[in-house]
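*Asks:* Counted from 1, the sequence shown has number 87 at position 87 by UniProt numbering; the numbering is strictly sequential.
My questions all concern the structure below.
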Amino acid sequence: MGHAVMTHAPNQATVNYNALPAFVQEVFDDYMEQADNARTNHDYRQAMTCAALTAGITLPADGEIALCACPNCWNCGHIFNANDPDAHPFGQSDGYNLGRIQCPNCTDAHRATDEQ
């Protein structure tokens with residue numbers, strides 16, 4: 001009889017940032033800041049990959065994740081596919097690589113406006 005092998009590979013499509021231990025949140029934040037300020041596509045992709053692995057989320061095929069930036073609820077914490085068609089980008093993020101994006105749940109519950 002064969003034995004199943006369990007890996008520690010991430011397999012979740014979304015993760016709750018607030019449920020992560022504080023030290024994991026700090027490392028995740030550092031990688032997201034690196035992605036936000038990356039000067040090359042290679043550095044951006046590398047930081048995104050490291051952020052996803054740190055959070056335990058499956059990196060989407062397009063290689064981008066986001067932490068919900070909902071201005072209407074201060075404790076959402078969803079880490080999700082930044083290009084999810086049900087997510088909502090809003091506002092300006094000039095000079096940075098990462099946009100302000102609401103997760104699909106917040107978009108449905110209380111869609112942000114560009115003024116927020």
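Backbone N, C-alpha and C fix where the C-beta goes; we use that ideal spot for every residue, glycine too.
(1) Count the other C-beta atoms from every protein chain shown that fall within 10 angstroms of the C-beta of Arg-111, then say buried if there are 16 or more, exposed otherwise.
(2) I believe Ile-79 touches Ala-55 by the beta-carbon criterion, under 8 Å. Please report the beta-carbon distance rounded to the nearest angstrom.
(3) Short check: CB of Cys-68 to CB of Cys-103, under 7 Å?
(4) Who are Ala-66's beta bridge partners in DSSP?
(5) Which residues does DSSP list as the beta-bridge partners of Val-15?
*Replies:* Judging by the given coordinates:
(1) exposed
(2) 5 Å
(3) yes
(4) Phe-80
(5) Ile-79
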